[in-house]
Amino acid sequence: MSKQQSRKELEEIIKRYLAGSASPEETRFVESYFAYIENKTPRENFNSEDLDGIKFRLMERIQNGILEKETELLEKEPTPVVVLHSNRRGWLRIAAAALLIGISFGAYFMIHQRTTNSGVLAAQLVRADIAPGGNRAILTLTNGSQIVLDSARNGVLAKQGNVNVTKTDSGKLAYNTSSEKPIETGSNTLTTPRGGQYQLVLPDGTKVWLNAASSITYPTAFVGKERKVEVTGEAYFEVVHNAKMPFRVKANDQIIEDIGTAFNVNAYPDEKSLNTTLVEGSVKVIVDKKPGDNGVILKPGQQSQVKGAQIKMVQNANLEQVLAWKNGKMSLANITVEQIMQDISRWYDVDIKYAGAVPDQKFYGLIDRNVPLSTVLLALKNYGVETKIEGKTIIVQ
Amino acid sequence: LNKYASHTDQQLCDLLRQDDREAFDMMYERHWQSLYLSANRLLKSRTQAEDIVQDLFINLWQKRGEYQIENLPAYLRKALRSRVFNYLKRDQAKNSFYEPFEDMQQASFSADQLVRDKEFLKLIAAYVDTLPSKRREIFLLKYRDHMNTSEIADHLGVSMKTVQNQLNRALSGLKDVLAALLLIAITHHS
């Protein structure tokens, strides 16, 4: 028998085994065949760290995959076909009915998805949907005048000293000068409202991503011994390193000193702590309230959590989660209902109310930030968190 | 810690059908590693092993209401093999998976090898068991009862050509000494 024929014969037996039509002898043979190949292959050495990493990464991929499939189904069919009642198991009856009239299993799942996520709630959601946030911000110049950036055209917006402020693209602002000796004319502030985000290139080339309900204040040109900026809310920095002129970020009572770096700072006043997460390079975090504090130096992957004068270090921060907002996502992984609702409030410009106690629920995965609010709320409903929209307020049931 | 840590697989399967995500998490916790290691050894690729385990669990969640799983480890193992097999079929680099079967069919192994590699010997025996009953009988008459082709044809009332054809398909080229070893294995396990 040729190799081709052999191969084909083995494949035929395996196919019968997988289809469940193999004889008991064939089943026994296929099972021993797989076991034989497996045992013959030398064992690869995994240490427990390897395995922990793979386990974590795989679980994240699985959670994201499930979420993706579920939102795909939602988007395909945004309006409910049948609304029977609003309890969570209602779909069972519909599914049973669907089976009786001969709808395939595939349709069963479509219906399951639609109806778990529909009911009276979805009908309301479709009527009262709220668009996601976008590239919106206000720029306050040295002289106090303000420019609304979402409606401003691309191009040079203002000239301050010998520095030009240019809107380079939707959602991007840049400072540049042709002069060797830029003149500082005071400071500018870029402010995002709830539902806004913006990108900024500072005069030294440092890039800043500003999340919703945040602000950054910076000089129009960096002169002198340091480059100092001040933020509120949340921002991500990719700093152009300059040893002669260190970059310092002030957030509340904390100063972050760059030693050549990319990092995220989350200083929202309603968060439990002020978190600085280092992605690349090295930064020093100094708590201003502590007299004579020499600060702590963060390594990539570490996060410092500052609460009052206390600093707590987290060794392996979940960078995907910390940077989700910057990458156009909303992370649901391992956070509480309260945290998700805070995110939603900032990004969809809505207020949150709780009808009763805050539900205790775990979530999974990442959602795109550019979906309408209803999609996010439907995803939450999938985890049993019921919500209602009234005007610009979400009521968590 | 998962609240289902001490539940049986069977209990987890029932909870899964009721959309219980924590039961699903527990299934992952309990079974991901053996599935991953098994796929990695069969395919010799970490990436493919990860892709397969990912796909398998997403599917497990998505189809949670479709059927009752009787034996979770067996179900997962079969689901894994099915995915591994799809990679094997597609990928020329995975030829080593087919080699033992080719060796077996072409009888390109030595008595020495069979003595050393008992698992391989058992594998051949298990294969002989899968042969259609007529082919298996002819095979046994030749190697166990040492009949020649015409004796077998007489014994079964078929043509010599039929006997020849059947023998050619069942481990053609098997030497007597190998056949003897093999028969020990066959009679031992059946």
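Protein sequences appear in the order of chains A and B.
Take 1 as the starting number for the first sequence in the working numbering and just add one per residue.
Take 1001 as the starting number for the second sequence in the working numbering and just add one per residue.
Glycine included, each C-beta is placed from N, C-alpha and C at the ideal position.
*DSSP on residue 78 of chain A, reduced to helix/strand/coil?*
Note that residue 78 of chain A has pLDDT 43, beneath the 50 cutoff, so the model's placement of it is unreliable and the number below is only indicative. In the structure shown, residue 78 of chain A sits in coil (DSSP, three-state: anything other than H, G, I, E or B).
*Given a limit of 7 Å on CB to CB distance, which residues of the region 1084-1106 of chain B reach chain A?*
1085, 1089, 1097, 1098, 1100, 1101, 1102, 1105 and 1106
_Which of the three DSSP states is assigned to residue 1044 of chain B in this structure?_
coil
*Beta-carbon of residue 1030 of chain B versus every beta-carbon of chain A: anything under 7 Å?*
Not closer than 7 Å to any Cβ of chain A, the Cβ of residue 1030 of chain B fails to qualify, so no.
*asked:* Pull the bridge partners of residue 330 of chain A from the DSSP assignment, please.
replied: A:367
_Cβ of residue 299 of chain A within 7 Å of any chain B Cβ_ = No, no contact with chain B.
*Name the chain B residues that come within less than 9 Å of residue 381 of chain A, Cβ to Cβ?*
Going along chain B, no residue has its Cβ under 9 Å from residue 381 of chain A, so there is no contact; the nearest lies around 12 Å.
*Within its chain, find whatever has a CB closer than 6 Å to the CB of residue 1069 of chain B; leave out the 5 residues flanking it on each side and keep chain order.*
1013 and 1075
*By DSSP, does residue 1086 of chain B sit in helix, in strand, or in coil?*
Residue state, collapsed to three classes: helix.
*Per-residue burial, residue 341 of chain A [other beta carbons within 10 Å of its own, 16 or more giving buried]*: buried
_Residue-chain proximity (residue 36 of chain A, chain B), Cβ-Cβ < 7 Å_ = yes
_residue 1126 of chain B at chain A interface by Cβ criterion, 7 Å_ = True, the Cβ-Cβ gap to chain A drops below 7 Å.
*Which ranges would you report for the alpha helix (DSSP H) in the region 1077-1126 of chain B if only whole runs of at least 4 residues count?*
1099-1105 and 1111-1116
_Distance check for residue 207 of chain A and residue 385 of chain A, CA to CA, integer angstroms please._
Each residue's Cα considered, the two are about 37 Å apart.
_Outcome for residue 317 of chain A when other beta-carbon atoms lying within 10 angstroms are tallied against a minimum of 16_ = buried
*Would you say residue 1130 of chain B reaches chain A, if we count a Cβ-Cβ gap shorter than 7 Å as a contact?*
True, the Cβ-Cβ gap to chain A drops below 7 Å.
*Anything in the region 166-195 of chain A with a Cβ closer than 7 Å to a Cβ of chain B? List those residues in chain order, please.*
none
_For residue 257 of chain A, three-class secondary structure by DSSP_ = strand
*Alpha carbon to alpha carbon, how far is residue 160 of chain A from residue 222 of chain A?*
13 Å
*Using the Cα positions of residue 1102 of chain B and residue 1094 of chain B, report the straight-line distance between them to the nearest angstrom.*
14 Å
_Beta-carbon spacing of residue 407 of chain A, residue 138 of chain A below 7 Å_ = This structure does not reach residue 407 of chain A, given that chain A is present from 1 up to 397, and the question cannot be answered.
*Would residue 1139 of chain B count as contacting chain A if we go by Cβ distances under 7 Å?*
No, because no Cβ of chain A sits closer than 7 Å to the Cβ of residue 1139 of chain B.
*Of all the options A:17, A:20, A:179 and A:70, which has the alpha carbon lying nearest to the alpha carbon of residue 377 of chain A?*
A:70
*asked:* Would residue 1053 of chain B pass as an interface residue toward chain D - the criterion being a Cβ-Cβ separation below 7 Å?
replied: Of the chains in the structure shown, none is chain D; the protein chains are A and B.
*Should residue 168 of chain A be labelled buried (16 or more other beta-carbon atoms within 10 Å of its own) or exposed?*
Exposed is the call here.
*DSSP three-state assignment for residue 169 of chain A, whether helix, strand or coil*: Collapsing the DSSP output to three states places residue 169 of chain A in a strand.
*Whole-number beta carbon distance between residue 1002 of chain B and residue 1029 of chain B, since they are thought to touch under 8 Å*: 6 Å
*Counting only the same chain and skipping the five closest in sequence on each side, list residues whose C-beta sits under 6 Å from that of residue 109 of chain A.*
At residue 109 of chain A the pLDDT is 34, less than 50, meaning the model places this residue with poor confidence; the figure from the coordinates comes in the next sentence. Closer than 6 Å at the Cβ level, and outside the excluded window around residue 109 of chain A, lies no residue.
*Are any of the Cβ atoms in chain B nearer than 7 Å to that of residue 3 of chain A?*
yes
*Whole angstroms is fine: what's the gap from residue 388 of chain A's alpha carbon to residue 1048 of chain B's?*
One C-alpha to the other measures close to 43 Å.
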